[in-house]
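Novice:
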Amino acid sequence: MHVVLLIYLVTHSVGRPGPPPSLDLKPSAFDPKEKYWTKFPTEGSKITPPHQSCEFRWKDYCPKVFRTLRMLFKVDPADYMLSICGDDALRELSSPGKSGSFFYLTHDDRYMIKTMKKAEVKVLLRMLNAYYNHVRAFENTLVTKYFGLHCVKLNGPAQKKVRFIIMGNLFCSEYMIHRRYDLKGSTFGRLTDKPESEIDATTTLKDLDLNFIFRLQKSWFQDFRRQVDRDCEFLEQERIMDYSLLVGLHFTEASNDGHTPSGAMTPFDNGCSETDSIPRLSRADVDQLLLDPAGWACIRLGINMPARVERTERKNDTEIQLVGEPTGEYYDVIMFFGIIDILQDYDITKKLEHAYKSIQYDPNSISAVDPRQYSRRFRDYVLKIFAEDA
Ligand code: ATP
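Quick note, the sequence shown lines up with residues -15 to -1, 1 to 375 if you use mature numbering (1 follows the signal peptide of the UniProt record, and there is no 0).
1) If you check the beta carbons only, do Asn196 and Gly309 fall under 8 Å apart?
2) Can you give me the Cβ contacts of Glu124 inside the same chain, cut-off strictly under 6 Å, excluding the 5 residues immediately before and after it?
3) State buried or exposed for Arg76, treating a residue as buried only when at least 16 other CB atoms are found within 10 Å of its CB.
4) Leaving aside the five residues before and after Arg224 along the sequence, list all residues of the same chain whose C-beta is less than 8 Å from its C-beta, in chain order.
5) Exposed or buried, Pro12, counting other C-beta atoms within 10 Å across all chains shown (16 or more means buried)?
6) Could you check what DSSP says for Glu40 in three-state terms: helix, strand or coil?
7) With DSSP run on the structure shown, which of helix, strand or coil describes Ile151?
8) Taking DSSP as the reference, what is the three-state secondary structure of Met226?
9) What do you reckon, is the C-beta of Thr126 under 7 Å from a heavy atom of the ligand ATP?
10) The beta strand (DSSP E) spanning His135 covers which residue range?
11) For Phe199, does the three-state DSSP call read helix, strand or coil?
12) My understanding is that Met290 touches His235, with C-beta atoms under 8 Å, so please give their C-beta distance in whole angstroms.
13) Below 8 Å, can you find three or more Cβ-Cβ pairs linking the stretch 121 to 140 to the stretch 214 to 231?
14) Does Trp205 pass the burial test, meaning 16 or more other C-beta atoms within 10 Å, or should it be called exposed?
15) Under 7 Å: does the beta carbon of Leu155 sit that close to some heavy atom of the ligand HEM?
16) Say yes only if the C-beta of Leu176 is nearer than 7 Å to one or more non-hydrogen atoms of the ligand ATP, and no if none qualify.
17) What is the C-beta distance between Ile98 and Ile151, in whole angstroms, given that I count them as a contact (C-beta under 8 Å)?
18) Rounded to a whole number of angstroms, what is the C-alpha to C-alpha distance between residue 405 and Glu159?
19) In whole angstroms, what separates the C-alpha of residue 376 from that of Phe88?
20) Do Ile325 and Ser229 have their CB atoms nearer than 8 Å?
21) Whose C-beta lies closer than 8 Å to the C-beta of His374 among residues of the same chain, with five residues either side of it excluded?
22) Could you compute how far the alpha carbon of Phe322 sits from the alpha carbon of Glu28?
Here's what the structure looks like:
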């Protein structure tokens, strides 16, 4: 069925010919009722191909908005089709999150598909207009790029519905990502549950695993700080919480004083070696990248950013330290980062979770706090782990 769906996506949702959409959308385009169902009978119809699966229906939510978002994000419709519909199948990721969502990566690594709960779809539709205005106003926004929202309903006694979002993969790059961190600024449950021997480049580490400070060049750091403020303000206004800053590091070489980082949370042990096909960049390559205007063109806030990381150490064993002490040990890296998981609003469940957990734990340590507190804590934390490179 997968292929049929994708063919449909190509011919109907994406590639429909017509004039390029205007960036000024009518309010009706954002109406949550703006959705189109198409029936896919097994035997095919005038507009759908025959297929071997049971009959199903396919829904596009706010198609005009997503088509315009793709244009805004400079996604070429033909490339989009090829990424999602090429001959190679999507790759299922081993469930990286705890929400129970399934994640798939397109064969070219550009797009991620995440299955969603109905409540998350509702949140996205509710804030779609504000999201659109935000990403339109700030082209450097760190907030996840969304390209399409769909639902498939299988006919039959169960009438099962699968809702999913197509979004940008933050780590789509020619550089291998050696370390990845999902960071929220809270401490409760924010340590990987994997034993050290199993941690590798595919492990998503968390706040209490982090043993680096990220040092950006001055003007980038200023841009970063401004953009985090704007993005957090937007999320706070939309009553969103529980989002994360996802950070990926490509270590270009050993440290600048010739050492390689040591210890479990460093990229050069635990089986996290380079693959043969992806060369590690040397310091000279990075300098070249910075000098070459073509190299500059692919650097954006949070994408392909040359930076340095300074190793930190948690010294105090008796009390949980969110951020360790700097050690003066630096490594050259290429950084990737963005704000993900922005579809949790502070509804009754979170209020109950907060009330329940705060009886047992320090309320500031838990993830579920109200959106204003969440954004303040997130910003404070981010500005402790990111700094200007002196
Ligand atoms: P949780 O409930 O644990 O926060 P979740 O199931 O809601 O997780 P997300 O937080 O959206 O899922 O994502 C889980 C993981 O998937 C992230 O930590 C990250 O490793 C990966 N991931 C999610 N979105 C992206 C993206 N846009 N680009 C790259 N990786 C991503």
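Each residue gets a CB set at the ideal place from its N, CA and C atoms; glycine is no exception.
Specialist: Inspection of the coordinates gives the following:
1) yes
2) none
3) exposed
4) Here the set comprises Asp330, Tyr331 and Pro356.
5) exposed
6) coil
7) Strand, per DSSP.
8) Under the three-state reduction of DSSP output, Met226 falls in the coil class, being neither helix nor strand.
9) Checking every heavy atom of the ligand ATP against the Cβ of Thr126, none is found closer than 7 Å.
10) Tyr131 to Leu139
11) In this structure, Phe199 counts as strand in the three-state DSSP scheme.
12) That pair is no contact at about 10 Å.
13) yes
14) buried
15) Among the ligands in the structure shown, the ligand HEM does not appear; only the ligand ATP can be found there.
16) no
17) 6 Å
18) Lying outside -15 to 375, the shown extent of the chain, residue 405 is not represented and no answer is given.
19) Within the shown structure, residues of the chain are numbered from -15 to 375, placing residue 376 beyond reach of any answer.
20) yes
21) The amino acid occupying residue 374 in the given sequence is Asp; His does not appear at that position. The answer, listed in chain order, is Arg200, Leu201, Gln202, Lys203, Phe206, Ala292 and Arg293.
22) 46 Å
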